[in-house]
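Every position in the sequence shown, counted from 1, becomes a number in the numbering used here once 5 is added.
Please read the structure below before turning to the comments.
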Amino acid sequence: MTATSTEPVGSEAVRGLPADFVWGAATAAYQIEGAVAEDGRSPSVWDTFSHTPGKVAGGDTGDVACDHYHRMPEDVGLLSQLGLDAYRFSMAWPRVQPGGTGPVNARGIAFYDRLVDELLAKGITPWATLYHWDLPQALEDAGGWPERDTAYRFAEYAGLAADALGDRVKHWITLNEPFCSAMLGYYFGNHAPGRRSFPDFTKAAHHLLLGHGLAVQRIREAVPDSQAGITLNPLVAHPASDAPEDVEAARRADAIGARIYLDPVLLGRYPADLLTDLAKQDAQLPVQEGDLKTIAQPLDFLGVNYYFRDVVRATDEPHGYEGVPQTHRPSTAMPWEIYPEGMTALLTRLSREYPALPLYITENGAAFDDSRSPVDETGRIQDTDRTAYLADHLAAIGLARAAGADVRGYFCWSLMDNFEWAYGYEKRFGLVHVDYETQVRTPKASALWFRDAARACREQ
């Protein structure tokens, strides 16, 4: 179904979602906080990367971003105005533990202490993500995620965060999208730290997962009543044609873009076909004795990020596939194909092929060119394209639930427009518009729709 601006909220969009469904919004530290040199924060790989000419569109950086570090109470107020149950934020490792080693930075952790208290005072449940790509630059200088020691440093940082906030924060996410950290950061090179090495990618992928498992152990020690999980963005790979080479490309994409993370975390092993693929490229996953047991720590939930499917064809590149743009299909401004069916397929697959685990959509949303949307007399952007996108994907969750997937919540990406990584400030995902010159926040029509959808869900 397709939502329209006149469709009654609470009809098709929230049908199939239970009254206790969790409604939330998500952000990430480097994308919104700014204040990169305040209160003891050390540089991250994204500070270095964004300040390297040619790496980010427009030469943009996260130096100021949305100035959330100074405007946090106002932003929590926006969450409250939208009537949301939960807020998924990330903690900046270089703010909590500058340099990636040593004791907690009291001034840095104090910011998250205030944030958590502000959320709880508004009746909003905090969901803390420990790592959303801002590796301390000092650790990258020491080798980064391809080095095993980084996993141990991450576990130490996780312990510091859990010790400080675990009395109030019960929902913990270790990593956000290790696929992007490893593949985009160490192989494709379009994300920080910008390396281009297939062997570095495979080493980074394994050490990220090892760090996840070690971090879960540390969270459990510090917060016995915690709810711990990881956020993955498994590729939804479709072959571009029925040709055998394209079908094989889709299998390889699924192995290296989905099962490389899902299988060790949830099944305690790497896929056999993936290991065969890597061996042909003289690459390996540096697994040591006990690693897979550590990685496969029991979890309380799985976070799932979904934006689009990947239609792929064969390539001679080491990873074995390349995307085929679906220019004949509706797309967002990224431009990513709008394909809510992929959400249903992914969620039902997870529930069918992996151990039963509560699922939460920890990111889903869309960038559109809001400058093309009409503005009403109050100055509110009438972003009906975003509203339709959200409605269609919420309906897709309802279909997955009807098919047996245990999906319990949805965090919209994003609460507000922000620094969109290599795209800089060109792409706007927010429910709330941010004027980057004045830092004025204005909820868009989609924000009010999302508020009303959550209310309708609770009242049905």
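Just so you know, even glycine gets a beta-carbon here, dropped at the ideal spot from N, CA and C.
Quick caveat: nothing in here was measured; it's all calculated off a predicted structure.
Kindly identify the DSSP beta-bridge partner or partners of glycine 234. According to DSSP, glycine 234 shares a beta bridge with Ile178, Phe306.
Could you pull out every residue in the same chain whose Cβ sits closer than 6 Å to the Cβ of aspartate 287, ignoring the five residues on either side in sequence? For aspartate 287, where only same-chain residues beyond five positions count, there are no Cβ hits under 6 Å.
Residues in the same chain with beta-carbon distance under 8 Å from leucine 189, minus the five sequence neighbours each way, listed in chain order, please. So the qualifying residues of the chain are Asn195, His196.
Once DSSP output is grouped into helix, strand and coil, what is the label at glycine 384? Look at glycine 384 here: in three-state DSSP terms it is coil, with no helix or strand label.
Taking the continuous alpha helix (DSSP H) assigned at valine 252, which residues delimit it? From DSSP, the alpha helix (DSSP H) with valine 252 extends over 249-259.
Separation of tyrosine 415 from alanine 400, as counted between CA atoms: Going by the C-alpha atoms only, they are around 12 Å apart.
Coil, strand or helix - proline 448 by DSSP: Strand at proline 448.
DSSP three-state assignment for methionine 421, whether helix, strand or coil: The three-state reading of DSSP puts methionine 421 in strand, counting E and B together.
Can we count glutamate 17 as close to the ligand GTP, meaning its CB is less than 7 Å from some heavy atom? Among the ligands in the structure shown, none appear at all, so the ligand GTP cannot be discussed.
Closest to arginine 456 by C-alpha separation, out of Glu17, Ala24, Gly21, Gly29, would be which residue? If we check each option's Cα against that of arginine 456, Gly29 comes out closest.
Near threonine 349, which residues of its chain fall below 6 Å by C-beta distance, leaving aside the five closest residues on each side in sequence? Cβ within range, chain order: Ala401, Leu404, Ala405.
For glutamate 17 and alanine 396, what's the separation of their Cα atoms in angstroms? Just so you know, the alpha carbons of glutamate 17 and alanine 396 end up roughly 8 Å apart.
Distance, lysine 208 Cα to proline 291 Cα: Rounded to whole angstroms, proline 291 to lysine 208 spans 6 Å at the Cα level.
Over what stretch of residues does the beta strand (DSSP E) that includes serine 95 continue unbroken? Where serine 95 is concerned, the enclosing beta strand (DSSP E) stretches over 91-95.
So what's valine 50 in DSSP terms, helix, strand or just coil? Reduced to three states, the DSSP call for valine 50 is helix.
Drop a sphere of 10 angstroms on the beta-carbon of glycine 262, count the other beta-carbons inside from all chains shown, and report buried for 16 or more, exposed for fewer. Its Cβ being crowded by 16 or more others within 10 Å, glycine 262 is buried.
Report back the beta-carbon spacing between arginine 46 and arginine 100 to the nearest angstrom; my notes put them in contact at under 8 Å. Contact flag correct, Cβ pair sits at about 4 Å.
Are alanine 255 and leucine 279 touching if we call contact CB-CB under 8 Å? Not closer than 8 Å, so no.
Count the other CB atoms, across all protein chains shown, that sit within 10 Å of the CB of lysine 449; report buried if there are 16 or more and exposed otherwise. Within 10 angstroms of the beta-carbon of lysine 449 lie 16 or more other beta-carbons, which makes it buried.
Compute the distance between the beta-carbons of valine 41 and aspartate 52, then report whether it is under 8 Å. Yes; because the gap between Cβ atoms is below 8 Å, this pair is in contact.
Touch check for the stretch 347-366 and the stretch 291-302: three-plus C-beta pairs under 8 Å? Under the Cβ criterion (8 Å, minimum of three pairs), the stretch 347-366 does not count as touching the stretch 291-302.
By Cβ distance below 7 Å, which residues in the same chain neighbour threonine 7 in space, the five residues on each side in sequence not counted? Confidence is the limiting factor: at threonine 7 the pLDDT is only 39, short of 50, which leaves the residue's position unreliable, though a coordinate-based value still follows. Ala393, Asp397, listed in sequence order.
Specify the secondary structure class of serine 202 as computed by DSSP and reduced to three states. DSSP, reduced to helix, strand and coil, places serine 202 outside both helices and strands of the structure shown, so it counts as coil.
Using CA atoms only, rank isn't needed, just tell me which of Val241, Ser336, Ala245, Val252 is closest to asparagine 310. When only C-alpha atoms are compared, the closest one is Val241.
Below 8 Å, can you find three or more Cβ-Cβ pairs linking the stretch 159-170 to the stretch 102-109? With a cut-off of 8 Å, the stretch 102-109 and the stretch 159-170 count as touching, because enough Cβ pairs lie within range.
Can you list the beta strand (DSSP E) stretches of 3 or more residues lying completely in the stretch 95-171, in chain order? If we require 3 residues or more, the beta strand (DSSP E) runs fully inside the stretch 95-171 come out as 130-136.
Which class does phenylalanine 313 belong to by DSSP, given the choice of helix, strand or coil? Look at phenylalanine 313 here: in three-state DSSP terms it is coil, with no helix or strand label.
Use the C-beta contact count for aspartate 65: other C-beta atoms within 10 angstroms, 16 or more gives buried, fewer gives exposed. Answer is buried; the Cβ neighbour count reaches 16.
Rounded to whole angstroms, what is the Cα-Cα separation between tyrosine 344 and arginine 112? Their Cα atoms are separated by approximately 43 Å.
DSSP three-state assignment for histidine 438, whether helix, strand or coil: If DSSP states are grouped into helix, strand and coil, histidine 438 belongs with the strands.
Quick check: what's the CA-CA separation for leucine 84 versus valine 50? Answer to the nearest angstrom: the Cα atoms are 29 Å apart.
So the candidates are Gly149, Pro58, Glu38, Glu43; which of them puts its Cα closest to the Cα of arginine 72? According to the sequence as given, residue 72 is aspartate; it is not arginine. The shortest C-alpha separation from aspartate 72 is found at Glu38.
Since tyrosine 136 and tryptophan 177 are thought to touch, with beta carbons under 8 Å apart, how far apart are those beta carbons, to the nearest angstrom? Actually they do not touch by this definition, with Cβ atoms about 11 Å apart.
Using beta-carbon positions only, say whether methionine 77 and arginine 119 come within less than 8 Å of one another. Taking 8 Å as the Cβ cut-off, methionine 77 and arginine 119 qualify as a contacting pair.
For alanine 31, count neighbouring C-beta atoms within 10 Å of its own C-beta (all shown protein chains included) and say buried if the count is 16 or more, exposed if not. Classification of alanine 31: buried, given that the 10 Å Cβ count is 16 or more.
Nearest neighbour of glutamine 444, chosen from Asp44, Pro360, Val69, Thr389 [CA to CA]: Glutamine 444 has its Cα closest to that of Val69, out of Asp44, Pro360, Val69, Thr389.
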